[in-house]
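Using my numbering, read the sequence shown as starting at 21 and increasing by one per residue.
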Amino acid sequence: MSENPAGVGSLITIRRLPADRWQDFRKIRLEALETEPYAFLSSSTDEEKFPETTWRERIVNHIFALNGSEVIGMIGLIFRSREKQKHIADIFSFYVRREFRDRGIGNLLLIEAINFISSSGGISKIELSVVSDQKAAIKVYEKNGFRHAGILAREMFVNGHFHDEILMEKLL
Ligand SMILES: CC(C)(COP(=O)(O)OP(=O)(O)OC[C@H]1O[C@@H](n2cnc3c(N)ncnc32)[C@H](O)[C@@H]1OP(=O)(O)O)[C@@H](O)C(=O)NCCC(=O)NCCS
């Protein structure tokens, strides 16, 4: 867990949440999918019908930013299980509530995820993909040592337009 003041009167903590806070996780995940339709491949329609058990399973793979007890941001990470790719971890589900942006909270979440992955042992690469329009996300990834590894053209179709996806990787 790490702590950082992020504005007058607020103390931001970066930490895991227990499975019984799955409703907080569901709330911010659906908010992210609804308010940022161009940032994520999933839509809220895809996920709003997930049962409680799915949220309880998925919360384990996330690190959260809290303002007091309010969840205001998150980042997901997962370790690949296939024998030939066990050295790779993936980052996804990166989101900070709009009114808390540009205060370094996204950076703190990403650093915490990288540190956790690095200290887990046996991981030599982190991968992620980001829609090319998400300039703030790309900036945070680049600042933390991710390099561009390729582009998938027309990976997403939203509101009548195609969007490209940038693949990024960081060697540990
Ligand atoms: C990506 C995101 C999580 C970053 O959270 P955050 O708390 O604002 O991140 P930080 O404050 O640590 O850093 C944001 C950086 O982006 C920069 N930035 C903001 N808007 C920008 C823009 N339009 N173009 C370029 N850079 C921009 C900020 O200046 C800051 O860089 P700096 O610290 O060098 O000044 C947040 O913007 C978000 O939720 N975006 C929508 C969802 C998304 O795109 N997720 C990524 C999916 S892969």
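Cβ coordinates follow ideal geometry from the N, Cα and C atoms, glycine included.
In this text the structure is predicted, and so the values were computed from the model without any measurement.
Proximity winner among the options, relative to residue i (alpha-carbon distances)
i: SER152; options: ARG41, THR55, PHE45 and LEU61; result: LEU61
i: SER144; options: ARG100, HIS181 and PHE120; result: ARG100
i: GLU175; options: SER89, HIS82 and VAL150; result: VAL150
i: ASP40; options: GLU54, THR74 and SER64; result: THR74
i: ASN179; options: PRO38, ILE79, PRO57 and LEU128; result: PRO57
i: PHE177; options: LYS47, SER63 and LYS163; result: SER63
i: ARG118; options: ILE131, GLY165, HIS181 and GLU54; result: GLU54
i: LYS17; options: ASN81, ALA85, VAL116 and ASN127; result: Coverage of the chain is limited to positions 21 through 192, which leaves residue 17 absent and any answer about it impossible.
For residue i, the residue or residues it bridges with in DSSP
i: ASP110; result: ILE98 and GLU147
i: ARG35; result: PHE84
i: GLY126; result: Bridge partners of GLY126: none, in fact.
i: LYS190; result: ILE146
Heavy atom of ligand 1 within 7 angstroms of residue i beta-carbon
i: PHE60; result: yes
i: LEU148; result: yes
i: ALA157; result: yes
i: GLU56; result: yes
i: ILE125; result: yes
i: PHE166; result: no
i: VAL80; result: no
i: ASP184; result: no
i: GLN154; result: yes
i: PHE114; result: yes
Residue i vs residue j beta-carbon contact at 8 angstroms
i: ARG49; j: GLU77; result: no
i: GLU147; j: ASP110; result: yes
i: ILE137; j: ILE158; result: no
i: GLY93; j: ILE134; result: no
i: ILE83; j: ILE32; result: no
i: GLY141; j: SER113; result: no
Checklist entry - Using 8 angstroms as the Cβ pair cut-off and three pairs as the minimum, do the segment 103-110 and the segment 70-89 touch? => result no
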